[in-house]
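K.L.:
The structure's right below; bear with me while I get my questions together.
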Amino acid sequence: MTSATERSRPARPARPATGAGAPRGVAGHGAWFLVLPALVPILVLSVGPLLYGILLAFTDAQSGRTAPTRWTGVLNFSDLLRDTLFWESFRIGLLWAVTVTALQFLLALGLALLLDQDLRLRRTARALAIVPWAMPEVVVGVMWRLVYNPDAGILNETLHDLGLGDGRDWLSGLATALPAVIVVGVWAGMPQTTVTLLAGLQNTPPELHEAAAVDGAGAWRRFRAVTWPALRPIALAITALDFIWNFNSFALVYVLTNGGPGGRTRLPMLFAYEEAFRYGQFGYAAAMGCVMVAVVSVFLALFLVGRIRGGDGG
Amino acid sequence: MRTRPAARVAQYTALLAYLVFLLLPFLWLLSVAFKPPRELGSLHPTWIPKDPTLANFRQAFDEQPLLHAAFTSLLAASSAAVIAVALATPMAYVMARRRTRLARAASGWVVVSQAFPFVLVIIPLFLVLKKLRLIDSVPGLVTVYVVWSLPFALWMLVGHVRTVPVELEEAAAIDGAGRLRTLVSVTAPLLAPGIVATALFAFVTAWNEFFFALVLLKTPEKQTLPVVLTHFIGAEGAADLGPLAAAAFLATLPSLAVFALIQRRITGGRLAGAVKS
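Going down the list, the sequences are from chains A and B.
The opening residue of the first sequence carries number 1 in the UniProt record's numbering; numbering runs sequentially from there.
The opening residue of the second sequence carries number 1 in the UniProt record's numbering; numbering runs sequentially from there.
Given below as structure tokens:
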């Protein structure tokens, strides 16, 4: 290889500026030129606004005000600390994110293990199972409103047919609204988790399974000893991402309940959205965003630490 | 392999249960979309419409500017997808081929960007776009979509570039092809399917997006399909459920079509590979 390169070099057309010291591949000194088109929008419209947003949290910025915005120090944060409505919303957000993520993971793991088996029609099943992923979140919300509809909905009708009572108004009931919304969250996020875990399962060498089976290990032992160690890093990664996505979710609940009844499903994103774009309290809403980032960062840190450890453990 | 028949039956039953959970709500949406108002008002709704009708679709188009909104969505989503992929492909190439500090920082940013709470980004973006007079305009929305889809476009494209063997590029260089020539004649054709898949995925993501469109587009005539759909919701009587379902079903068709097209390529393999390496 090296000798071939040496030999061919003199025959190459002269490209003095870029030729000689180029490393592997085509991306040589022109790398910056290739990177800039994506890097500039990222810096200007993503990193920049993020920093600007953090600064806004320390101001009294409001929408449509003529007076100049002033620095207010940590006033927004101390207000936030006393804002019981926000902390209630935060509690609901954590409850929602943890429950949805856990259920998503368990159900998706089951489905992924099934799809990894040598079953007939598993390709068709896999294709059908990702349908929820393709649907717009607003449509998912609309669809489940039709399922939950107290009069024309199929859920109450099915319960009635099974003799389980007359059903109820799921999305307006104080006790049922959050569980009903969580079911939709699990439904909507399951395909992505399943497909990721399935890819992880298909990366585990089948010989290991067979060797364990020959040694007399049952299904559970094989899962614990062979499947799980190989799957763990991916499971950790997708769970961390699921948690982040769920904690930041907005459209589903906006369409299903818009935070009602009585704030029982008001996720932090809905709260912050109303604060910013209904009441125009940009500074205060930015402070909420900062608190949300802080929580999510903790989970992201766990994700990265686990990722490194998973890599060491094999 | 050696699975007992009883276990097989249990496996098929479980798989069937999953598919019922995942597909029945969608079938119910279809059922409602084709039911006449009289049936929708009935106290005991049925799965299969007794008297299927297209009236709901007609009414949906009459009541709301659906076609116009669909066109806005199409315009915004396709521009965003094309621009995002055009910007991301060169950078993804560099990230895949060179392990520089920049490439590593970019990979880190791809992960971090997943954790952005949209609210912390949308408020400053809203203020910036307002200064640029891009609020309530499709170009403004496209700008946001491009930036928002860059991380996963990079993520997907880096994976696709890695599947193109670097030896092929080296062979082309040995044969005397310049860099540009190598990229155009060797790398691009092999990378094309991956680029198309990434663009289609970015298209669906933008087509389905709701939050940014809700915040940035205020004039009804400029709103995208998901935002217009939410106008159907609200004080809905039984008679309005049909058109709502019909419109929701139509809004899903493009996404389903694209997913059907690229479904083989939609895997968690990217994430799996990223975690493994």
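Where a beta carbon is used, it is the ideal one built from N, C-alpha and C, also for glycine.
Just to confirm, are A/P268 and A/S89 a CB contact at a threshold of 7 Å?
P.N.:
As a first step, residue 268 of chain A must be located in the first sequence, where it is residue number 268. As a first step, residue 89 of chain A must be located in the first sequence, where it is residue number 89. It is a contact, given that the beta carbons lie within the stated cut-off.
K.L.:
Among the candidates B/L168, B/V32, B/A80 and B/L214, whose CA atom is the shortest distance from the CA of B/D51?
P.N.:
Within the second sequence, residue 51 of chain B is the residue found at index 51, counting from 1. Cα-wise, what sits closest to B/D51 is B/V32.
K.L.:
So with CB distances below 9 Å, who are the chain B contacts of A/A97?
P.N.:
For this step, residue 97 of chain A is matched to residue 97 along the first sequence. Within 9 Å Cβ-Cβ: nothing; A/A97 doesn't reach chain B, min ~12 Å.
K.L.:
Using the C-alpha atoms, what's the distance from A/A285 back to A/G73?
P.N.:
Start at 1 with the first residue of the first sequence, and residue 73 of chain A comes out as number 73. Start at 1 with the first residue of the first sequence, and residue 285 of chain A comes out as number 285. Approximately 15 Å between the Cα atoms of the pair.
K.L.:
With distances taken between CB atoms, is the gap from B/A153 to B/V85 smaller than 7 Å?
P.N.:
The sequence position of residue 153 of chain B within the second sequence is 153, counting from 1. The sequence position of residue 85 of chain B within the second sequence is 85, counting from 1. For B/A153 and B/V85, yes; Cβs fall inside 7 Å.
K.L.:
Along chain B, in chain order, which residues have C-beta atoms closer than 8 Å to that of residue 333 of chain A?
P.N.:
The question about residue 333 of chain A has no answer, for chain A in this structure spans 1 to 314.
K.L.:
Helix, strand or coil for B/T46, going by three-state DSSP, please let me know.
P.N.:
Position 46 of the second sequence, counting from 1, holds the residue named residue 46 of chain B. Here B/T46 sits in coil by DSSP.
K.L.:
If we call anything under 7 Å between Cβ atoms a contact, is A/R123 one with A/L115?
P.N.:
The residue given as residue 123 of chain A occupies position 123 in the first sequence. The residue given as residue 115 of chain A occupies position 115 in the first sequence. Contact flag unset, no.
K.L.:
May I ask you to report which of helix, strand or coil DSSP gives B/T100?
P.N.:
Translated into the one-based positions of the second sequence, residue 100 of chain B becomes position 100. Reduced to three states, the DSSP call for B/T100 is coil.
K.L.:
Is the shortest distance between the beta-carbon of A/F58 and the beta-carbons of chain B less than 7 Å?
P.N.:
Residue numbering aside, residue 58 of chain A sits at position 58 when the first sequence is read from its first letter. Not one chain B Cβ lies under 7 Å of A/F58.
K.L.:
Can you list, in chain order, the residues of its chain whose CB lies under 8 Å from that of B/K222, leaving out five sequence neighbours each side?
P.N.:
Residue mapping note: residue 222 of chain B aligns to position 222 of the second sequence, counting from 1. Closer than 8 Å at the Cβ level, and outside the excluded window around B/K222, lie T72, D136, S137 and V138.
K.L.:
Any C-beta of chain A sitting closer than 7 Å to the C-beta of B/L30?
P.N.:
Counting from 1 along the second sequence, the entry for residue 30 of chain B is found at position 30. No, no contact with chain A.
K.L.:
If contacts are defined as beta-carbon pairs under 8 Å, then A/Q281 and A/Q62 qualify, I think. What distance do you get, rounded to the angstrom?
P.N.:
As a first step, residue 281 of chain A is located in the first sequence; it is residue number 281 there, counting from the start. As a first step, residue 62 of chain A is located in the first sequence; it is residue number 62 there, counting from the start. Indeed, because the Cβ distance is near 6 Å, the residues count as touching under 8 Å.
K.L.:
Could you pull out every unbroken alpha helix (DSSP H) segment of at least 4 residues lying fully inside the segment 117-162 of chain A, listed in chain order?
P.N.:
Listed in chain order, the complete alpha helix (DSSP H) runs (minimum 4 residues) inside the segment 117-162 of chain A are 122-129, 131-134, 137-148 and 154-161.
K.L.:
Contact between the segment 244-252 of chain A and the segment 95-107 of chain A: three or more CB pairs below 8 Å?
P.N.:
Yes: at least three Cβ pairs fall under 8 Å.
K.L.:
Whole angstroms are fine: how far does the CA of B/A206 sit from the CA of A/E137?
P.N.:
Taking the first sequence and counting its residues from 1, one reaches residue 137 of chain A at position 137. Taking the second sequence and counting its residues from 1, one reaches residue 206 of chain B at position 206. Cα to Cα, A/E137 sits roughly 12 Å from B/A206.
K.L.:
Quick check: the Cα distance between B/Q161 and B/L22, rounded to an integer number of angstroms?
P.N.:
Along the second sequence, read from residue 1 onward, the residue named residue 161 of chain B stands at position 161. Along the second sequence, read from residue 1 onward, the residue named residue 22 of chain B stands at position 22. The sequence shown places Val at residue 161 of chain B, rather than the Gln named in the question. Their Cα atoms are separated by approximately 34 Å.
K.L.:
Taking 7 Å as the cut-off, decide whether the C-beta atoms of B/Q59 and B/P243 are in contact.
P.N.:
Here residue 59 of chain B is taken as the residue at index 59 of the second sequence, counted from 1. Here residue 243 of chain B is taken as the residue at index 243 of the second sequence, counted from 1. Against a cut-off of 7 Å, the Cβ pair of B/P243 and B/Q59 comes out as a contact.
K.L.:
Does B/K35 pass the burial test, meaning 16 or more other C-beta atoms within 10 Å, or should it be called exposed?
P.N.:
As a working note, residue 35 of chain B is residue 35 in the second sequence. So B/K35 counts as buried.
K.L.:
Quick check: is the beta carbon of B/T53 nearer than 7 Å to any beta carbon in chain A?
P.N.:
For the purposes of this step, residue 53 of chain B is taken as residue 53 along the second sequence, with counting starting at 1. Cβ-Cβ to chain A under 7 Å: no for B/T53.
K.L.:
Against B/L168, what residues of chain A qualify as contacts under a CB-to-CB distance less than 9 Å, listed in chain order?
P.N.:
Indexing the second sequence from 1 puts residue 168 of chain B at position 168. By Cβ distance, chain A contributes nothing, its closest Cβ being about 10 Å from B/L168, past 9 Å.
K.L.:
Can you give me the start and stop residues for the alpha helix (DSSP H) that A/L45 sits inside?
P.N.:
To locate residue 45 of chain A, count along the first sequence from 1; it is residue 45. Segment: none, A/L45 is in no alpha helix (DSSP H) and carries neither H nor E.
K.L.:
Which one or two residues does DSSP pair with A/T59 in a beta bridge?
P.N.:
To locate residue 59 of chain A, count along the first sequence from 1; it is residue 59. Note: A/T59 sits in a beta bridge opposite A/W71.
K.L.:
With DSSP run on the structure shown, which of helix, strand or coil describes A/P229?
P.N.:
One-based indexing of the first sequence puts residue 229 of chain A at position 229. Helix.
K.L.:
With a Cβ-Cβ cutoff of 7 Å, do A/N156 and A/G165 count as a contact?
P.N.:
If you number the first sequence from 1, residue 156 of chain A lands on position 156. If you number the first sequence from 1, residue 165 of chain A lands on position 165. For A/N156 and A/G165, no; Cβs fall outside 7 Å.
K.L.:
Taking the alpha-carbon of A/N258 as reference, which of B/D240, B/T230, B/T89 and B/F57 has the nearest alpha-carbon?
P.N.:
If you number the first sequence from 1, residue 258 of chain A lands on position 258. The candidate whose alpha carbon is nearest that of A/N258 is B/T230.
K.L.:
Can you grab the Cα-Cα spacing for the pair A/W133 / B/I174, in whole Å?
P.N.:
As a first step, residue 133 of chain A is located in the first sequence; it is residue number 133 there, counting from the start. As a first step, residue 174 of chain B is located in the second sequence; it is residue number 174 there, counting from the start. Looking at the two C-alpha atoms, the distance is approximately 45 Å.
K.L.:
Considering only C-alpha positions, which residue in the set A/A175, A/V298, A/G153 and A/W170 is nearest to B/G41?
P.N.:
For the purposes of this step, residue 41 of chain B is taken as residue 41 along the second sequence, with counting starting at 1. Per the Cα distances, A/G153.
K.L.:
Within its chain, find whatever has a CB closer than 6 Å to the CB of A/G21; leave out the 5 residues flanking it on each side and keep chain order.
P.N.:
Within the first sequence, numbered from 1, the residue matching residue 21 of chain A stands at position 21. In this prediction, A/G21 has a pLDDT of 39, which is less than 50 and means its spatial position is unreliable; what the coordinates show is noted afterwards. Here the set comprises nothing.
K.L.:
Given a threshold of 16 other Cβ atoms within 10 Å of its Cβ, counted over all protein chains shown, does A/Y279 qualify as buried or as exposed?
P.N.:
Along the first sequence, read from residue 1 onward, the residue named residue 279 of chain A stands at position 279. Its Cβ having fewer than 16 others within 10 Å, A/Y279 is exposed.
K.L.:
Roughly how many angstroms separate the alpha carbons of B/V82 and B/A199, rounded to a whole number?
P.N.:
Walking along the second sequence from the start, residue 82 of chain B turns up at place 82. Walking along the second sequence from the start, residue 199 of chain B turns up at place 199. Computed Cα separation, rounded: 6 Å.
K.L.:
Can you name the residues of chain B whose CB is closer than 9 Å to the CB of A/I92?
P.N.:
Counting from 1 along the first sequence, the entry for residue 92 of chain A is found at position 92. Correct list: empty, because the minimum Cβ distance to chain B is about 16 Å.
K.L.:
Thinking C-alpha only, which one of B/R4, B/S255 and B/R8 is nearest A/M135?
P.N.:
In the first sequence, residue 135 of chain A corresponds to position 135, counting from 1. If we check each option's Cα against that of A/M135, B/S255 comes out closest.
K.L.:
Looking at the unbroken alpha helix (DSSP H) that takes in B/I195, where does it start and where does it end?
P.N.:
Counting from 1 along the second sequence, the entry for residue 195 of chain B is found at position 195. That run of the alpha helix (DSSP H) goes A188 to N208.
K.L.:
Please compile the residues from chain A whose C-beta is within a distance smaller than 9 Å of the C-beta of B/T143.
P.N.:
Counting from one through the second sequence, the residue named residue 143 of chain B turns up at place 143. Here the neighbours are P41 and L45.
K.L.:
Taking only beta-carbon atoms, is A/P261 less than 7 Å away from chain B?
P.N.:
For the purposes of this step, residue 261 of chain A is identified with residue 261 of the first sequence, where counting begins at 1. For A/P261, the answer is no, since every Cβ of chain B falls outside 7 Å of its Cβ.
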